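A.B. asks: Protein chains in written order, with our numbering: chain A, -4 to 100; chain B, -4 to 100. Note that the Cβ used here is the ideal one computed from N, Cα and C, for glycine as well. Fair warning: this is a prediction, and the values are worked out from it, not measured in the lab.
There are 2 protein chains.
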Amino acid sequence: MELTVGTAARQTGWSARMLRYLEDAGLVVPGRRPSGYRVYGMREVNQLRSLRELRNRFGVELSDVLFAARLRRDPGLRDAVHTWLAGTDAALEWEQRKHERLLAA
Amino acid sequence: MELTVGTAARQTGWSARMLRYLEDAGLVVPGRRPSGYRVYGMREVNQLRSLRELRNRFGVELSDVLFAARLRRDPGLRDAVHTWLAGTDAALEWEQRKHERLLAA
DNA sequence: CGAACATTGACACGCGTCTGATAAGGTTGC
DNA sequence: GCAACCTTATCAGACGCGTGTCAATGTTCG
């Protein structure tokens, strides 16, 4: 389980290009050989697969994942967002229904 | 405190255009008069002001706020994201530092 | 009534994200 | 040593977001 970028790509359903992009974005960061070649282990392959799930099953964007990470790391931000949301539940339920209507169409 | 869209805009620092956009996005949804005119009350004005804070102080995108709302509403999604994050903390701390380096430059 | 405002709808621009392609060059392993 | 792979860098295109602006039309209120 020491895959090179192309093999990891084939096994996870991403393209090699995207694997490099995801590394740039900081979402899945592989190790490196002395030569500079990326090394994907089990951990990274699992991350790639589940990241794919998040997108396909939940329509989660990459920026959303990054934001969730920020959220768990920065308590000030978490509180601010939490507070904001508390004042808007009615409106957001409405939005959710609109969204469902669109998906149904 | 029954503001029309232009007045609410002036008092919150948004443009009237943006207020309509925010309604579309489902983030701040005013009431309506029989004529169709939007009505912004205290609640909405507060939402608008604090939304502005979120953007300016934390650089939060509108899509981020919507995502946070989804997150709190959909436990399945919350678990999936939570699980994903658990496997990536090292990588994301690295990303955070990269981000800080960029901001410092 | 008339000025000042609101409504929806559309066009458009700049910018960021995601993704592929291509080029010039280094690494691996039979 | 050579085929098949990798590296970085760059160009490019499609699409979405945040915004402004304009047009045609309806509302408010002194």
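Tell me whether the stretch 2 to 13 of chain A and the stretch 29 to 49 of chain A touch, counting them as touching only if at least three CB pairs, one residue from each stretch, are closer than 8 Å.
C.D. replies: Note that the stretch 2 to 13 of chain A touches the stretch 29 to 49 of chain A; at least 3 beta-carbon pairs, one per stretch, sit closer than 8 Å.
A.B. asks: Check the Cβ-Cβ distances between R67(B) and every residue of chain A, and say whether any is below 8 Å.
C.D. replies: yes
A.B. asks: Among R33(A), H77(A), G54(A) and F53(A), which has the Cα closest to the Cα of M(-4)(A)?
C.D. replies: R33(A)
A.B. asks: Should the stretch 24 to 33 of chain B be called in touch with the stretch 61 to 72 of chain B, which here means at least 3 C-beta pairs below 8 Å?
C.D. replies: The stretch 24 to 33 of chain B, when compared against the stretch 61 to 72 of chain B, does not touch it at the 8 Å Cβ threshold.
A.B. asks: Classify R96(A) as helix, strand or coil using the three-state DSSP reduction.
C.D. replies: Low confidence applies to R96(A): its pLDDT is 45, below 50, so where it sits in the model is not reliable, and the reading given next is rough at best. Looking at R96(A) - three-state DSSP - the assignment turns out to be helix.
A.B. asks: Given that a residue counts as buried once 16 or more other Cβ atoms are within 10 Å of its Cβ, and exposed if not, what is D19(B)?
C.D. replies: Counting Cβ neighbours within 10 Å, D19(B) comes out exposed, since fewer than 16 surround it.
A.B. asks: If you follow the alpha helix (DSSP H) that G82(A) is part of, which residue opens it and which one closes it?
C.D. replies: First-last for G82(A): undefined, no H or E at that position.
A.B. asks: Could you tell me whether the Cβ of L(-2)(A) comes closer than 8 Å to any Cβ of chain B?
C.D. replies: no
A.B. asks: Of all the options T78(A), G82(A), W79(A) and A64(A), which has the alpha carbon lying nearest to the alpha carbon of G82(B)?
C.D. replies: Ranked by how close their Cα comes to the Cα of G82(B), the residues T78(A), G82(A), W79(A) and A64(A) have A64(A) in first place.
A.B. asks: Closest to G54(A) by C-alpha separation, out of E48(B), M13(B) and F62(B), would be which residue?
C.D. replies: F62(B)
A.B. asks: Please confirm whether W9(B) has its beta-carbon closer than 8 Å to some beta-carbon of chain A.
C.D. replies: For W9(B), the answer is no, since every Cβ of chain A falls outside 8 Å of its Cβ.
A.B. asks: Note down, one range per segment and in chain order, each alpha helix (DSSP H) of at least 4 residues found wholly within the stretch 4 to 72 of chain A.
C.D. replies: 11 to 20, 37 to 53 and 57 to 68
A.B. asks: Looking at C-alpha atoms only, which residue of R52(A), G31(A) and G8(A) is the closest neighbour of L43(A)?
C.D. replies: G8(A)
A.B. asks: Check the C-beta distance from L22(B) over to L49(B) and give it rounded, since I have them as a contact under 8 Å.
C.D. replies: 10 Å between Cβ atoms; not a contact.
A.B. asks: Closest Cβ-Cβ distance between A100(A) and chain B: below 8 Å?
C.D. replies: Any reading at A100(A) needs caution, since the residue's pLDDT is 41, under 50, leaving its predicted position unreliable; the model's value is listed next. No, no contact with chain B.
A.B. asks: Kindly list, in the order they appear in chain B, the residues whose Cβ is closer than 7 Å to that of R44(A).
C.D. replies: In chain order: nothing, as chain B lies at least about 10 Å away.
A.B. asks: Mind listing which residues of the stretch 17 to 51 of chain A have their C-beta closer than 8 Å to chain B's C-betas, in chain order?
C.D. replies: A20, G21, L22, V23, V24, R38, N41, Q42, S45, L46, E48 and L49
A.B. asks: Among the residues of its own chain, which have a CB less than 8 Å from the CB of T(-1)(A), if the five just before and after it don't count?
C.D. replies: For T(-1)(A), where only same-chain residues beyond five positions count, the Cβ hits under 8 Å are Y32, R33, V34 and Y35.
A.B. asks: Using the Cα positions of L14(A) and V76(B), report the straight-line distance between them to the nearest angstrom.
C.D. replies: 19 Å
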